[in-house]
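Visitor:
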Amino acid sequence: MDNSGPVEIVPPADPASGMGVKFVYANGIEMTHGGPSGCFFTGTKGTLHIDRGVLVSDPDGLIQEPIRNDEVHLFKSPGHHRNWIDCIRSREKPLCDVETGARSVAIIQLGNLAYWHGKTLKWDPHAWKFVGDKEANGWLDRERSPEWPLAHA
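When you read off a place in the sequence shown, starting at 1, and then add 216, the result is the number in my numbering.
(1) Gly262 and Asp274 look like a contact to me (Cβ under 8 Å); what is the Cβ gap, rounded to whole Å?
(2) Do the CB positions of Gly327 and Val237 come within less than 8 Å of each other?
(3) Would you say Pro252 and Ile323 are within 8 Å of each other, going by their C-beta atoms?
(4) Quick one: what's Met263 bridged to in DSSP?
(5) Can the beta-carbon of Arg360 be found closer than 8 Å to that of Leu366?
(6) When the Cβ atoms of the segment 337 to 349 are set against those of the segment 218 to 234, are three or more pairs found closer than 8 Å?
(7) Can you tell me where the alpha helix (DSSP H) with Asp302 in it begins and where it stops?
(8) Short of 6 Å in beta carbon distance, which residues of its chain neighbour Arg319, apart from the five on each side in sequence? Order them along the chain.
(9) Suppose you measure from the CA of Thr316 to the CA of His249; what does that come to, to the nearest Å?
(10) Out of Pro231, Asn243, Pro227, His296, state which residue places its alpha-carbon closest to the alpha-carbon of Met217.
(11) Quick check on DSSP: helix, strand or coil for Trp339?
(12) Spatial neighbours of Phe291 within its chain, please: C-beta separation below 8 Å, excluding the five flanking residues on both sides.
Encoded structure:
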């Protein structure tokens with residue numbers, strides 16, 4: 217979903233808790249902020265916990281199952297820095313290009329807005345705007361000093 221984003225951001229019952237905001241994607245995938253470090257992926261066969269240098273599954277044998285040819289295979293990265301240098305030479309698009317980076321950061325900011333304002337937000341990830349929410353769209357920018365205008369291409 218690198219070229220997309222959530223379509224709905226739902227704050228937890230207690231936004232002050234700093235945990236539990238839910239991101240809902242158009243394809244039905246849900247992601248929840250919070251918990252221990254790293255990422256947890258829950259699917260129909262079990263859960264994966266991935267953190268720096270850690271890969272654990274529940275059930276334990278899940279990570280031992282080989283990935284079939286007809287299943288999704290992820291790019292095996294030599295690391296972001298090495299991939300970036302290699303792409304400078306090859307002129308290929310890096311694994312984490314500017315669009316992917318911008319959308320990754322946008323998710324964090326959308327979550328922060330849901331925590332701060334305690335309201336469910338509808339988001340159009342292609343237009344980079346809130347749907348039917350003038351107040352929320354006002355949070356996307358701020359008044360700038362005339363001395364420091366933002367140039368538009």
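Note that beta-carbon positions come from the ideal geometry of N, C-alpha and C, so glycine has one too.
Guide: If we stick to the structure as given:
(1) Stepping through the sequence shown from its first residue, residue 262 is reached at position 46. Stepping through the sequence shown from its first residue, residue 274 is reached at position 58. The Cβ separation is near 5 Å, so the contact holds.
(2) Position 111 of the sequence shown holds residue 327. Position 21 of the sequence shown holds residue 237. Result yes, Cβ atoms of Gly327 and Val237 sit closer than 8 Å.
(3) Position 36 of the sequence shown holds residue 252. Position 107 of the sequence shown holds residue 323. Result no, Cβ atoms of Pro252 and Ile323 do not sit closer than 8 Å.
(4) On the sequence shown, residue 263 is found 47 positions in, with the first residue counted as 1. According to the sequence displayed, residue 263 carries Thr and not Met. Bridge partners of Thr263: Thr258, Asp274.
(5) Here residue 360 corresponds to residue number 144 of the sequence shown, with the count starting at 1. Here residue 366 corresponds to residue number 150 of the sequence shown, with the count starting at 1. A contact, by the Cβ cut-off of 8 Å.
(6) yes
(7) Here residue 302 corresponds to residue number 86 of the sequence shown, with the count starting at 1. Run containing Asp302: 296 to 306, per the alpha helix (DSSP H) assignment.
(8) Indexing the sequence shown from 1 puts residue 319 at position 103. Only Gly221 meet the Cβ criterion.
(9) Taking the first residue of the sequence shown as 1, we reach residue 316 at position 100. Taking the first residue of the sequence shown as 1, we reach residue 249 at position 33. Rounded to the nearest angstrom, the two C-alpha atoms are 19 Å apart.
(10) Position 1 of the sequence shown holds residue 217. Here the closest residue by C-alpha is Asn243.
(11) Taking the first residue of the sequence shown as position 1, residue 339 is located at position 123. Trp339: strand per DSSP, three-state reduction.
(12) Position 75 of the sequence shown, counting from 1, holds the residue named residue 291. Cβ neighbours of Phe291 beyond the five flanking positions: Leu311.
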